[in-house]
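Residue numbers for the sequence shown follow the UniProt record's numbering, beginning at 1 and rising by one.
Cβ coordinates follow ideal geometry from the N, Cα and C atoms, glycine included.
Nothing here was measured: the structure is a model prediction, and the numbers come from that model.
Input: a single structure, listed below in structure tokens.
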Amino acid sequence: MSEPAVILAPSAAARVAAIAAKQAKPAILRLSVEGGGCSGFQYKFGLADAPEADDTIAETDGVRLLVDAVSLDLVSGATVEYVESLGGAAFRVTNPQAASGCGCGASFSV
1 MSEPAVILAP
11 SAAARVAAIA
21 AKQAKPAILR
31 LSVEGGGCSG
41 FQYKFGLADA
51 PEADDTIAET
61 DGVRLLVDAV
71 SLDLVSGATV
81 EYVESLGGAA
91 FRVTNPQAAS
101 GCGCGASFSV
């Protein structure tokens, strides 16, 4: 079996499930990549109601992560985690394709 295109870590799956339950929505997180940010591209997260036809789907503990075909080229092999620190809590993408990132961790370049 081949490696999944993207990985949803259990920490992120648990957080998505909690947010979705509060909002009475399906436990589906969409990750997309947009131009902008301090390094050229930025990650965008949001809850989704259902997958689109061209989405790649990763599933962990019953929670799905959706990535559209265009964004997948930029995040293939990445892991999405949920981290809590003194500076706050956020979803974090560990992206092996990113040549550099920024201090906030929300944008990257390839």
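Exercise for review: Let me know the secondary structure DSSP gives V80 once reduced to three states.
Suggested key: strand
Review point. DSSP on A90, reduced to helix/strand/coil?
Key: strand
Check your understanding: Which residues in the same chain have their Cβ closer than 7 Å to the Cβ of V53, if we skip the five residues on either side of it in sequence?
Key -> Before going on, a small fix: residue 53 reads as Ala here, not Val. Hits under 7 Å: none found.
**Study point:** Residue from A14, V70, G88 whose Cα sits closest to the Cα of G35
**Key:** V70
Point to revise | Cross-strand partners of E34 (DSSP beta bridge) | key: Q42
Exercise for review: Pick out whichever of A12, A89, L86 has its Cα sitting closest to the Cα of L31.
Suggested key: A12
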